[in-house]
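Engineer: Right, I'll just put the structure down here and ask away after.
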Amino acid sequence: MDSIVSLISSSITLIILSASLHHHVHVRKNGPLPHASTFLKANNFLYAPASLLFFFVLVCSFESFVPLSGFGVERFLLRFCTYVRTHDEQLRYIFHLSKIYEYIDVLLVLATGGRIGWHFGFHHLTTPYLTYIRVLRHHTGWKLLASLNTLHHAFMYAYFGGIPHFRPILPFTGILQLVVGLAGEGVIASTKGNSRSADEPVVIWPHVVSMALLGMYFVLFALELAESAAMRKSGETKGTVLDGANGGGDEKGDGVDELREKLRN
């Protein structure tokens, strides 16, 4: 089953790369595709609540999670939590498939005439392989990073869908998931390395691969945040000069569209 999933992921990656190149060439020649912006916003509206729902499911699946009482739903929550805890494999497959689904982001952004930054492109193309290695095959401690990732996506896609109030927390939730992921992988790898025995082989390479990819995500995300901050600062400076020259006229842009592209994680 895992080999089939791996083959599907590799095939879809090749298809998406080919389709992305075609989209890029077509849009440069003919302009954005009709209704692409509508489809992109609809995808954001759908994916935000789906991410929030999956975050709730993952939180319920933690053994230490105890539903709050006093709301009249504690019995239902206890039964629900028990149910999801016994379906860990299904949750892992859903999370992995959701990362393959996110390839649609690449196509829709290109179809609207948007550009694909290094972080956006590298992250979206490699995440399915990360989840294949660290969620499907070697899944020790997968839920913590997955829950932070789905929470971040709930806020991010809601923002892209047109809710600006989530904008200030996106850098924090984006960095948080990566820092926690890196620290968690380090702890797991160290613990496994110290518990080696002659009778039982210990597999550490998946955690090393995961740390390498998460480290790349962190560096690229930090660079894009720094670039966005510099761009906003430059825009504010130019706006101040223009305001003075135009008697206070509102000539400066806030760079929201550019920031939305750079915050994609």
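To convert, note that position 85 of the sequence shown is 85 in the UniProt record's numbering; the numbers rise steadily by one, no gaps.
Just so you know, even glycine gets a beta-carbon here, dropped at the ideal spot from N, CA and C.
L213: which of L170, T191 and H123 sits nearest, CA to CA?
Structural biologist: Along the sequence shown, read from residue 1 onward, the residue named residue 213 stands at position 213. Checked all of L170, T191 and H123; the closest Cα to L213 is H123.
Engineer: Do H138 and P206 have their beta-carbon atoms positioned less than 7 Å apart in this structure?
Structural biologist: If you number the sequence shown from 1, residue 206 lands on position 206. If you number the sequence shown from 1, residue 138 lands on position 138. Their beta carbons are under 7 Å apart, which means P206 touches H138 by this criterion.
Engineer: Pick helix, strand or coil for S234, following the three-state DSSP scheme.
Structural biologist: Here residue 234 refers to the residue found at position 234 when the sequence shown is read from its first residue. Three-state result, S234: helix.
Engineer: Which complete alpha helix (DSSP H) runs does the stretch 22-104 hold, if anything under 4 residues is left out?
Structural biologist: 36-61, 74-85 and 88-101
Engineer: Cβ of N44 within 7 Å of Cβ of F160?
Structural biologist: Translated into positions along the sequence shown, residue 44 becomes position 44. Translated into positions along the sequence shown, residue 160 becomes position 160. Taking C-beta atoms as the reference points, N44 and F160 count as a pair closer than 7 Å.
Engineer: Return the Cβ separation of M157 and A36 in integer angstroms, given the expectation that the two are a contact with Cβ distance under 8 Å.
Structural biologist: Position 157 of the sequence shown, counted from the start, is the residue given in the question as residue 157. Position 36 of the sequence shown, counted from the start, is the residue given in the question as residue 36. It should be pointed out that residue 157 corresponds to Tyr in this sequence rather than to Met. Incorrect: roughly 17 Å between the Cβ atoms, too far for contact.
Engineer: Quick one: which unbroken alpha helix (DSSP H) runs of 4-plus residues sit fully inside the stretch 142-215? Chain order, please.
Structural biologist: 142-160 and 170-194
Engineer: Distance, Cα to Cα, H153 vs L52?
Structural biologist: As a position in the sequence shown, residue 153 is number 153, starting the count at 1. As a position in the sequence shown, residue 52 is number 52, starting the count at 1. Going by the C-alpha atoms only, they are around 8 Å apart.
Engineer: Starting from H123, follow the alpha helix (DSSP H) in both directions and report where the run begins and ends.
Structural biologist: Numbered from 1 along the sequence shown, position 123 holds the residue referred to as residue 123. Here the alpha helix (DSSP H) through H123 covers W118 to T131.
Engineer: Judging by CA-CA distance, which residue of P32, L91, P128 and P168 is the nearest neighbour of V57?
Structural biologist: Position 57 of the sequence shown holds residue 57. The option with the nearest alpha carbon to V57 is L91.
Engineer: Taking buried to mean at least 16 other C-beta atoms within 10 Å of its own C-beta, is S210 buried or exposed?
Structural biologist: For this step, residue 210 is matched to residue 210 along the sequence shown. Buried, since its Cβ has 16 or more Cβ neighbours within 10 Å.
Engineer: If you count every other CB in all the chains shown that lies within 10 Å of the CB of D105, and 16 or more means buried, which is it?
Structural biologist: For this step, residue 105 is matched to residue 105 along the sequence shown. The residue in question, D105, is buried, as its Cβ has 16 or more Cβ neighbours within 10 Å.
Engineer: Is the stretch 140-154 touching the stretch 180-187, taking contact as three or more C-beta pairs under 8 Å?
Structural biologist: yes
Engineer: Thinking just about the alpha-carbon of each residue, which of V84, E89 and Y132 is nearest to the one in K99?
Structural biologist: Here residue 99 refers to the residue found at position 99 of the sequence shown. Just measuring C-alpha positions, the residue of V84, E89 and Y132 sitting nearest K99 is Y132.
Engineer: Of the residues G174, P128 and T150, which one's Cα is nearest the Cα of residue 269?
Structural biologist: What is shown of the chain runs 1 to 265, which leaves residue 269 out entirely.
Engineer: Going by the CB atoms, is the gap between S61 and V27 shorter than 7 Å?
Structural biologist: Mapped onto the sequence shown, residue 27 falls at position 27. Mapped onto the sequence shown, residue 61 falls at position 61. The answer is no: Cβ separation not under 7 Å.
Engineer: Classify R115 as helix, strand or coil using the three-state DSSP reduction.
Structural biologist: Locating residue 115 in the sequence shown gives position 115, counting from the first residue. DSSP places R115 in coil when its eight states are reduced to three.
Engineer: Would P125 and A19 qualify as a contact pair, given that the criterion is a beta-carbon distance under 7 Å?
Structural biologist: Residue 125 sits at position 125 when you count from the first residue of the sequence shown. Residue 19 sits at position 19 when you count from the first residue of the sequence shown. The sequence shown places Leu at residue 125, not Pro. No.
Engineer: Under 8 Å Cβ to Cβ from I12, same chain only, skipping five residues before and after it: list those, please.
Structural biologist: Sequence index remark: in the sequence shown, residue 12 carries index 12 (1-based). Cβ within range, chain order: I100, Y103 and P128.
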